[in-house]
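Colleague: The numbering used here puts the first residue of the sequence shown at 200, with every later residue one more than the last. For reference, the structure I am asking about is given below.
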Amino acid sequence: MMLTPILLLASAAAAQGPVPYPTAADWQSYKSGVTTGGAFADINGDDHLDLVVANGNDIHRQRVDVYYNDGQGNFPTNPQWSSSDIDYNGHLSVGDINGDGLVDVAVSVFLGPGGFGDFGHVKVYFNQGAQLQSSPGWRSADSFYSFSCELGDADGDGDLDLAIAVGEPYNGQARKNRVYYNHNGVLEGNPSWKSDTADHAMDVCWGDVDGDGDLDLAFCTAGKENRIYYQVNGVLQTAVGWNSSDNSNPNGNSCTFEDVDADGDLDFCVSDNNQLSGGQGLFKIYRNNGSGLATTPYWSDFQGYVSAVAFGDLHLDGFPDFIGGSWWGGTDIYLNQNGSFPSSPNWHSNLNSVVEALFLGDVDGNGLQTENGESHAVNGSRRLFYLEHSPVQQILEVRIDGAVAGPDAFCANLEHGWVSVATAPTLAFEVDFVWSESLDLGVTNWDGSIGNLLFLRKSLVDASVTPPGNLTFNPGDSVNFTGHWASSTNRNENVFVASAAFPPIGPMRLLDYHAIVLTPFGNLDIPYSVPIPVNLPPGYFGTTTVAVATVIDGVVKDQAEFDISIQ
């Protein structure tokens, strides 16, 4: 029997809705890893994002681990792959280094085997046949303290070079940061680039901050200003091109680029931890107004031992929201209101884990979108292109002047959504790629009592149900219940809502199915009254499941249900 809903209109929306994550994690790993680095990446080539983590920090020598995605967004408690070597592993970076189409993993080793006083290095596990090497296939010939590394195209030749943040701020001497260039898929053993300035750099990131079509290189430091080195005509400058000026003795330990105000220019975000003297304990964003990056932050918030920064457009309104982590302070989310952020978090995780890395991706695949033929203007010299969406789940195809580019003809950073090509297009540049409207949140943690965490994003339109007070019925009764639908996006949502009954024997019985439009953060309640026939067939006695659902593009995206007993 098809039923007509009593209420068909969505409620009016507020300017900003709730954060679409539960405060309690949906998944937690084993708890004995001192996990520092982390990323989502498709390691085994099944088009689902796996979880890669590096363990050790400055506490124990441990392994690099991979948790494989079962295809539904579920991960085991314990990793299914672990490296054979152990180290004081720091942060990691993922990408196709050797141009074979598979994701490799670069890891900074903070300390050598002897701990403090013993230099570490940087290493790479290459992906061979959809599995990482058990031991590194490359390591730097030189040694140094390094807590973070980042893959990027330092010279605009379409392959991934490896930048290293060098420094140990507790007792070590300031040293120069470095870049290992990639020559036809092979990283050099000793770096061809070193910064003129010696620092205790704790994190590094790439981004076209000056908008000239190539990647610039940023470092945050402990004891010195944040720094940016510009790439000019394919050459990464060794002299500092930009310094922050708000704190000459910070304890910067994480940084990233993001266009927070949607003006087309990359802004710069850092965490300034106050564990060491001089650190202010602030998340900070330095704004880029098109004429250059400001040297003082336009927004900051105090959270003490701040330790991780990331961005994601959680409400799908074109303005990326800020995610920050702290040591023993857990994870906070600040919602972006047209380029402005509040003075306190809109969301806080229920566990105060020791956060080291934050990263986003659609692990359960419930929001994937395919973009075919996204085109970008070319001028015969530009080789770097930022895609319209980030993070990117998968690059399907790159076309340069109409010809399909092989994996060795371009490189990409999926987290930040850019593609760099070896040959500058003269006629056209197009990309087919997969991105997601439903970003899940990964968190690494080195508190041995908690483990790593995964927060799954709520459905774009969440379905829930209020069942009747009495769940036992006889023929001739009516089952009265209410379906609820709530949007978690700052845009109109065009979906179908459905209700159905699943009897003990026989096919599903569709009760209602129709299209609705929910306004931003809107809600819809539909009361139902389902009569049970007096002459009920024998197969319908027993337990029947009643469900309500959200259907998008013919796929059930969210469902809620309850059981009744018919006697």
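Just so it is clear, CB atoms sit at the ideal spot from N, CA and C, and this is done for glycine as well.
#1: Give me the DSSP bridge partner(s) of residue 239.
#2: What are the start and end residues of each continuous beta strand (DSSP E) run of 3 or more residues lying completely inside the region 301 to 351, in chain order?
#3: Would residue 412 and residue 581 qualify as a contact pair, given that the criterion is a beta-carbon distance under 8 Å?
#4: Between 228, 222, 243 and 271, which lies nearest to residue 756 when the distance is taken from Cα to Cα?
#5: Going by C-alpha distance, which of 579, 404, 354 and 401 is nearest residue 382?
#6: In terms of residues, what are the limits of the beta strand (DSSP E) holding residue 423?
#7: Grouping DSSP H, G and I as helix and E and B as strand, with all else coil, what is residue 523?
#8: At what residues does the beta strand (DSSP E) containing residue 648 begin and finish?
#9: Kindly indicate which three-state DSSP category residue 267 falls into: helix, strand or coil?
#10: State buried or exposed for residue 587, treating a residue as buried only when at least 16 other CB atoms are found within 10 Å of its CB.
#11: Quick check: the Cα distance between residue 221 and residue 532, rounded to an integer number of angstroms?
#12: In angstroms, rounded to a whole number, what distance separates the CA positions of residue 392 and residue 424?
#13: Is it right to say residue 509 is buried, meaning 16 or more other beta carbons lie within 10 angstroms of its own, or is it exposed?
#14: Grab me the residues of residue 551's own chain with a C-beta within less than 7 Å of its C-beta, minus the 5 sequence neighbours each way, in chain order.
#15: Please give me, in chain order, every unbroken run of the alpha helix (DSSP H) with length at least 4 that falls completely inside the region 575 to 612.
#16: Please state the DSSP three-state secondary structure of residue 163.
#17: Can you give me the start and stop residues for the beta strand (DSSP E) that residue 393 sits inside?
#18: Go through its chain and collect everything with a Cβ distance to residue 663's Cβ below 7 Å, but skip five positions before and after it.
#19: Among the residues of its own chain, which have a CB less than 6 Å from the CB of residue 244, if the five just before and after it don't count?
#20: For a test of the three-state rule: what should DSSP assign to residue 800, helix, strand or coil?
#21: Do three or more CB pairs link the region 227 to 234 to the region 636 to 656 at distances below 8 Å?
#22: Please report the residue range of the beta strand (DSSP E) in which residue 713 lies.
#23: One question on the structure: do residue 450 and residue 421 come within less than 8 Å of each other, judged by their Cβ atoms?
#24: Buried or exposed, going by whether 16 or more other CB atoms sit within 10 Å of the CB of residue 409?
#25: Using a Cβ distance threshold of 8 Å, determine whether the region 608 to 626 contacts the region 534 to 548, with at least three qualifying pairs required.
#26: Could you check the C-alpha separation between residue 627 and residue 352 for me, to the nearest Å?
#27: In the structure shown, what three-state DSSP assignment does residue 285 receive?
#28: Within its chain, find whatever has a CB closer than 7 Å to the CB of residue 499; leave out the 5 residues flanking it on each side and keep chain order.
#29: Would residue 314 be called buried (16 or more neighbouring beta carbons within 10 Å of its own) or exposed?
#30: On the premise that residue 638 lies in contact with residue 721, defined as a C-beta separation below 8 Å, what is that separation, rounded to the nearest angstrom?
#31: Let me know the secondary structure DSSP gives residue 733 once reduced to three states.
#32: Buried or exposed for residue 235, going by 16 or more other Cβ atoms inside 10 Å?
#33: Please identify the residue among 448, 416 and 454 whose C-alpha is closest to the C-alpha of residue 437.
#34: By a C-beta neighbour count over all protein chains shown, 10 Å radius and 16 as the cutoff for buried, is residue 300 buried or exposed?
#35: Keeping to the same chain, check which residues put their C-beta closer than 8 Å to that of residue 577; ignore five residues upstream and five downstream.
Modeller: Looking at the atomic coordinates:
#1: DSSP lists 250 as partners of residue 239.
#2: Those beta strand (DSSP E) runs which fall completely within the region 301 to 351 and span 3+ residues are 303 to 311, 314 to 324 and 345 to 351.
#3: yes
#4: 271
#5: 354
#6: Looking at the DSSP string, residue 423 is not in any beta strand (DSSP E), and its letter there is neither H nor E.
#7: strand
#8: Run containing residue 648: none; DSSP gives neither H nor E here.
#9: coil
#10: Residue 587 comes out exposed.
#11: 12 Å
#12: 20 Å
#13: buried
#14: Closer than 7 Å at Cβ, skipping near neighbours: 527, 528 and 529.
#15: none
#16: A question about residue 163 goes unanswered here, because the residues of the chain that appear run from 200 up to 766.
#17: 392 to 398
#18: 683 and 759
#19: 329
#20: An answer regarding residue 800 cannot be provided, because it is not within the stretch 200 to 766 covered by the chain.
#21: yes
#22: Per DSSP, the continuous beta strand (DSSP E) segment holding residue 713 begins and ends at 708 to 717.
#23: In this structure, residue 421 lies closer than 8 Å to residue 450 by Cβ.
#24: buried
#25: No, they do not touch.
#26: 21 Å
#27: coil
#28: Excluding sequence neighbours, residue 499 sits near 481, 482 and 483.
#29: The residue in question, residue 314, is exposed, as its Cβ has fewer than 16 Cβ neighbours within 10 Å.
#30: That pair is no contact at about 21 Å.
#31: coil
#32: buried
#33: For residue 437, the nearest C-alpha among the options comes from 416.
#34: exposed
#35: 623, 624, 625, 626, 627 and 628
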